[in-house]
Structures are given as structure tokens and as C-alpha cells.
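Written as C-alpha cells, this is what we have:
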């Protein structure tokens, strides 16, 4: 099956104020199949947000794409012209930012903001535009579509704002939606609602999604495949059930173990020390040469400091980047 | 490693006893109509020293209002708050100022609760300066020992918070709270903004501080899993009322109230069926 | 609605307060209109005293204030000793002239500052922006007086512009079209001086307001949706920057008015400025109070207008309630 979006060896760095290049993505490659939900798991410093904005070339001024290719509908997005990009953004690939309260225009009504997205990519008459806006609102807000459409962002709750962002994203019927931590600022009940919205959209519209999050539990029963990012590299990628139920990479394993479960599921008692990954993943600790996780790994070997591991095939669909699995 | 917590038995004096706390907000809509928001509608509970009470509930259930009332940031409309036997609601201002250092509050967003223009050192010694009892050398020393206590290396004292990671900032916030040797720490969604692995680190720190210093925690969160992990007792809030109150394990097993069931249902679960670590 | 009524109430309160203060300061300042006469040996002291009594200058301050207030309600606003007429008609004519200048300068200044500010904000930090910053800094440093005098020198040397006043000697004999042209010619210098003196402030603030918005997440999100550049600027950036810009508008009105008083005097434009100056020097009490009050009226009016505009432009102020 051909990928609807294929990323090859993406390397992105940021130039600091002193002019030093700090790597954020150090060679990320993966493919997104049509209609699949790919969960990208990454914590701070892993490069997940950089990945999201790089795909549609929305890097801030000090971001530089060092190399790589992003193939989409026959074009390499990293080498596309600005007018081509403008046609693709919002219409073929949509990006849902974090922080819905910041991603919406403060003094424009919700309906108008969606209408603007539609207007940017087609030029039908005014009434057709309004009709289409109404339709797309009704899809995401089965009740109160009219009220939400007329409201300003500050009059909406966090969950409602997030849904407006989703409405904007799907208004033009894209084939890929990239969502960067869409549920980060929401409480659990609203989180579940939003995930349900995404599921429904995938079923009804056949959307392919890249869902970026730092919480692996959200991907259970939601994502088809899971990709784990650490230090700007892919450390593990495979079918969701495999990666979530039996992770191979030491980082993935350690990450899952550090998440508490509600008491009924856990073997050891309450109030025990959670197994943690020592140290933190701040960018400054990215080593040069060697595996990025090596300083914090409990299963490290000598070779881990010398060379960077390559991606090893554990099965047809599951890859991991760790010397433990190199035969 | 099981952390032995002195789960203060019934013969111990409660550290905090809240009785019928009510907080009403009067707002005025633009049309002039007077509207009332009942944020807390008769909340009562007790916390014994050295234990953790977790308060869970959805947004708007009144959890944060509870935190501000207990930390003396706001005054409740009616009700009593007994801290170490004294009703702090009825205390005159001067006496309340003596009580304040003993109840400290840790917020959700470490970025905005730490002054971005100060260095870590200045942040840590600010409460000490306000107390006015220490010499500069003593303050510097305390700052270093506080940093060690929360697992940070003392050489970050010169750095501003913007150069620290989320987890480090939250540790600094905890260190600052510890500077005044409080008895009660109120954590208002203190872990929610952190990455999963960092949450585990801070949770461990909190438990270690509880066992070594005998800290008492009021842990407000909407993360039921973390609450279940850290808490001795659990209070489930809904619309300004506590609908379930009791030992955490019991409540989560019996699931008597609808709200508790709903909250539990909303917790995302990670499928965990892998065999224990090989080798 | 309540918001607007409240702002109106504040404005009226402010005006009343200013009138009291102006009255107090002017009346308490040493000397009065008739001092000149007292120095004149030809006028007998009794005449001076009688004149003073006639104009009520020997009564106590609160009484004088009260009768002045009555005169305001009556429409006279007190009596001018120098001009021997009620103050109000004098002020109205002069106020009209000042407003003409101020409003024209305002519109022109904004018409220049806003596009420049946007242009500069789009190129933030780069050479064109830096050059503009240096230019505005230089302009800011030059005192208004120097600007006005410099323009006058230009007028004298080149002979292109009249060197003062509002109308030529033969104004009455001109046709309407020529009258307009004559007025415009006379206005060019004072307006230019006013515009140049207020540009630096406006450009810098416009630049800052737009730059803030251009960096905002919602703008980046809009780019991510493929919104075109022109729409981004006019439908997204400017409306979002409207809030600080409108407040600046209200503020700049006041700045402009105080600046105009000076420039009117220098360029002999028959506005409130020269009148006020004369009246202060002559201790023409009621003219001074009236003049100050009018100036305040413009200032407060400008800010009130800004408040109204803000209410209309920013829905967050309009709809103060928000969903839980």
C-alpha cells in the first residue's frame, strides 16, 4: 500500500541567538497509510512539536530544515513553492495546534473563523460558503451548532474551543490531519469526548491522522500504529497493540512503567515508588554520537556510547532502534 | 520499596479540619442582573498529619476554590477551617499571618508561578527574606540544602526559571514551598502540566518528602490514576459538594457514586500485558 | 451599554473636577486683570475698586465659582474683561479653528503611521525596520518648537506658503473654491508640524502592536490553514491589534491637542492656543478657565470616543460573561 504521507530522513535544527545550531530532529523517517491513525509518542525535548510544524513548513524564523523529504500527493513539501504550500495547508493537510485558547482569533466569531478557512481554498458564492460552514459545524457539534458558531472564543469552554479547531481542520476535507497534543489542556472527560470526535471523523471521512501526545494511555484503543520519539529520533515504531502492550525499546518500557494505573489493576500496592527514568530529556543532554537514550538507559552496553543504533526490523511492521536487538 | 506512611490513627489530632465550607461568588452580568455562583456548597473533611488527601472532580466542581480558601488566598463565605486546632477563618489578620507559612500552595503551571526575571536563588530566598530572621549566609545555605532536598544540583541557583525544564521548575516551586517548613502542602494540579515520566519523578519526590519530613498533602487533581497512587484518602467532588469521602482504595473498589464511576470511566488506560523485564 | 454609560459618567465627573481646579489655580494665582490699571496713575484707585466690585472680583472664591457655573449653564461661560464680551462665543470660534487643525493632523498622522507601523512590523529586526526606528528616534528628539520654527523658515525662504494666520487679507473677496484653496495653503504648515511631532509615537506603538499580533499563535494557526497573506493582514492581524491601537488613538488625541497649542502660537493660527496665552498673561480669568475646560473637553472627548470604539471593536469587552 502506498503511503499518503511519507517522511524521509527529516533533520531540523534551531539556530540559537548566538548562532549555534541545536538539533531538534535528527533523521526521522516514517510513512502514514491512508485512513490510519499514527500516534506519535514523545515528551518534552523529543522533537514532536518540531515534527508537526516541519511537515507543513511552519517552522519559526530560527528553525532550519537541514535535510530530508516529505512526500505528499506526488510533491516534496519541503521543496514546494509558497503558493503550492498555501493550497495544501488547510485543504489537503491540516494542523491542529496545542492550546486551543491561543490558536483561535480572539475577536472573531467561531463560525467566521471556519468560514475563512473555507474561503481561503475555494471561491463559491457567499451563500454556498455559509451553507458549507453550517454543514461542517453540524458534523462536529451535533447540538448547539448555531450558538457555538456565533460565539467568540472567550465564551466557549476548553473542549468547545478544541472542537472549533477540529472543525477548522476538517472543513476543506483534507486527507491528513496532524494534531499536536490536542487534549493537553483538557480534563479527562473532555479528553475522551475529543478522542471520540477524532474516531468518528476517521470512520466517516477516512482521515489519516498523526496524533502527537506525551501520554501513551491516550493511544490505547485509538491509534493504529505508534511511533516513539526520543531525542529527535524514532526509537520504536509498530502496530499499537504491539508497542503498547509489549514495548521493546528501553525508553518505551521505562516510560510505560512510570505511569501509575488505577489501583485495581496494579500488582504492587498503593504509594510505592514509581519506577522512573533517571535524569531528564532536556535538549542540552543530547549526546553527539552514540544512542540518545544511553545516559539514562538501565540496559546500556558499551557500544551504546560509541555508535548510534540503526532501525532494526523486529517484524514486518515493528521496528526498534536499539543495539539489544541487533543480531 | 514500600514507603511506610504514618497513617495518623484516630487518636491523633487532625492537622486540618474543614467544616461546612461555603463559597459564593457574586457576579454581575453586563445587563446588571446579579448572578451568584455557588463554588463550594458545604464541604467538610479532615486530614491527619503525614497523610495525603486527594480531591478529584471535573472542571467546575470547586476543587480550585477549595485550594484558594484553604491557602488563605480567599475567604470562604461561611464555614470553619480548623488548622492545628485554630479556626483560621476567624483569626485576626496578624495571627493569620503566623499561620500562612504553615500552609503552602503549589500551582499547576510552574512557568507562571516562578518569577521569570529572578534567578532560582532569589526565588528560593524570597520567603526567607520576608520572614526577616536570617542572615544572607544562612539564606544561601538553606537555598542549597533545599535544592538538594528536592533532587536538584545546587549549581542551578544562578539560572532563571526559563532555562529549566518543566520538572525542574516544579521542583523549584516545591523547594520554595519547603523553605518555610510548612505542615500542609496543597498541590493544585501540580503534576498536570508535566510529561508522564516527569510526573512519576515528582510523585516519588513528594512521597519521599512525606516519609522524611512528615508532610501532609492535599492533592487536587483530575488525574484519578495519580490520585489513586498517592492518596490515603479520597474526596470526590461534584458541583461544590463532596459526594464521596473515605479511604482511597475502598472508594475506588466500591464505586458507590455516579460521579466516581464517571471519573473512573474517563481515565485512559494503558494496556499492560507484557511479561516482566527479560534478562 | 452600562459600560458606555459608566465611561460617560466618568467623563462628566472629570470635566467638573478640572473646572474646579482650573478656577482655583487661576483665581489663586497672584494678580488680576485690573492690576495693570492700578499701575496707571491716571486711573483713580476708587475706579479700579469699583470695576473690581462690578465684576465680582471681591467676592469669595466659592461664590465666584458658583456664579461662574451658573453662567456656564446659561451659555455664557463667564465674561472676558479684555474682549468685553461673554467668553463662550470667543472660545467657540477659536475652538473650531483648533479642531480643524487637530483633526486634520490626526487623520493624516494615522494614515502615515499605521501603514508604516505594519510595514515595519513585518520586517521586524531587519534593516528597513532599523532604519525607520532610527528615523523616528531622530524625529522624536527634535522639539516641537524647533520643528515649527524650521517650517516657518522654509515658508519665509521659499515663499511657497503663507507665514502665518488662517486666511489671507483678501479672503472675503475670493470665490468659494479659492477660499478653500487659501485655507488649505494656510493649514499646510501647522498641520505638517503637528503631524511630524506626533508621528514617532504613533509609528512605534503601531509597530509594537502589530508585531505582537504577528507573533501570536492564532496567526500561525491561520497560516497553517492556508489563509492568504492579504486576508491574514487585514482580517486577522489588524483587528487583533485594534485594541492597543484604539487606546493609542484616544491618547494621541490629547497629545496632539497640547502640541497644537504651542504650534498655533508660533504660527499665528487663530486657535485656542494664542487666546489662552493672551488671557493668561492678562489674567483674563474666565477666558483662561474656559480655555482650559475646552482643551480638557477635547481630551476627554477623544478618550471617550476611543472607549466607544473599543466597545464596538472588541467583543471581549462587550460580552463580559464567559461560559464555564
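Protein chains in written order, with our numbering: chain A, 34 to 360; chain B, 434 to 712; chain C, 2 to 325. Glycine included, every Cβ here is placed at the ideal spot set by N, Cα and C.
query, result
"C-alpha gap between residue 672 of chain B and residue 309 of chain C, whole angstroms", "38 Å"
"The segment 644–654 of chain B contacting the segment 604–620 of chain B, beta-carbon criterion three pairs below 8 Å", "yes"
"Members of the segment 176–208 of chain C that neighbour chain A once the beta carbon cut-off is set at 8 Å", "none"
"Chain-ordered neighbours of residue 672 of chain B on chain A, where CB pairs are closer than 8 Å", "Near residue 672 of chain B there are no residues of chain A at all, since even the closest Cβ is about 14 Å away, more than 8 Å."
"Cβ separation of residue 106 of chain C and residue 200 of chain C, assumed to be a contact under 8 Å, to the nearest whole Å", "In fact, because the Cβ distance is near 10 Å, the residues do not count as touching under 8 Å."
"Which listed residue (A:306, A:331 and A:304) has its alpha carbon closest to that of residue 284 of chain A", "A:331"
"Short CB-CB distance (under 8 Å) between residue 629 of chain B and chain A", "yes"
"Simplified DSSP state of residue 60 of chain A, which is helix, strand or coil", "strand"
"At least three beta-carbon pairs within less than 8 Å, the segment 118–134 of chain A to the segment 201–221 of chain A", "yes"
"Sheet register partners of residue 35 of chain C (DSSP bridge)", "According to DSSP, residue 35 of chain C bridges with nothing at all."
"Residue-level contact to chain A via CB, residue 699 of chain B, 8 Å cutoff", "yes"
"Residue-chain proximity (residue 310 of chain A, chain B), Cβ-Cβ < 8 Å", "yes"
"Length of the line joining the Cα atoms of residue 282 of chain A and residue 662 of chain B", "26 Å"
"For residue 266 of chain A: DSSP bridge partner residues", "A:263"
"Under 9 Å from the C-beta of residue 544 of chain B: neighbouring residues of chain A", "Going along chain A, no residue has its Cβ under 9 Å from residue 544 of chain B, so there is no contact; the nearest lies around 12 Å."
"Within 8 Å, strictly: CB atoms of residue 266 of chain A and residue 325 of chain A", "yes"
"Residue 212 of chain A at chain B interface by Cβ criterion, 8 Å", "no"
"Under 8 Å between C-beta atoms of residue 627 of chain B and residue 584 of chain B", "no"
"Beta-carbon proximity list for residue 284 of chain C, same chain, < 6 Å, skipping 5 on both sides", "32, 33 and 34"
"Inter-stretch contact (C-beta, 8 Å, three-pair minimum) for the segment 219–234 of chain A and the segment 684–703 of chain B", "yes"
"Closer than 8 Å to chain C by CB, residue 185 of chain A", "yes"
"Secondary structure of residue 346 of chain A, DSSP reduced to three states", "strand"
"Reduced DSSP secondary structure (H/G/I, E/B, other) of residue 356 of chain A", "helix"
"Cβ-based neighbour list, residue 657 of chain B, same chain, cut-off 7 Å, excluding 5 preceding and 5 following", "489, 696, 697 and 700"
"Residues that residue 670 of chain B bridges to, as DSSP identifies them", "B:490 and B:675"
"Neighbour list for residue 253 of chain A in chain B, Cβ cutoff strictly below 7 Å", "701, 702, 703 and 704"
"Contact belief for residue 154 of chain A with residue 275 of chain A at Cβ below 8 Å, rounded distance in angstroms", "That pair is no contact at about 38 Å."
"C-beta neighbour in chain B for residue 333 of chain A, strict 8 Å", "no"
"Sequence ranges, alpha helix (DSSP H) only - wholly within the segment 610–653 of chain B, length at least 4", "629–646"
"Coarse secondary structure for residue 585 of chain B, derived from DSSP in three states", "coil"
"Three CB pairs or more closer than 8 Å across the segment 250–257 of chain C and the segment 289–305 of chain C", "yes"
"is_contact[residue 84 of chain A, chain C] using C-beta, thresh 8 Å", "no"
"Rounded straight-line distance, which links the Cα of residue 459 of chain B to that of residue 467 of chain B", "7 Å"
"Bridge-paired residues (DSSP) for residue 72 of chain A", "A:244 and A:259"
"Which of helix, strand or coil DSSP assigns to residue 308 of chain C", "helix"
"Helix, strand or coil at residue 99 of chain C according to DSSP, with G and I counted as helix", "helix"
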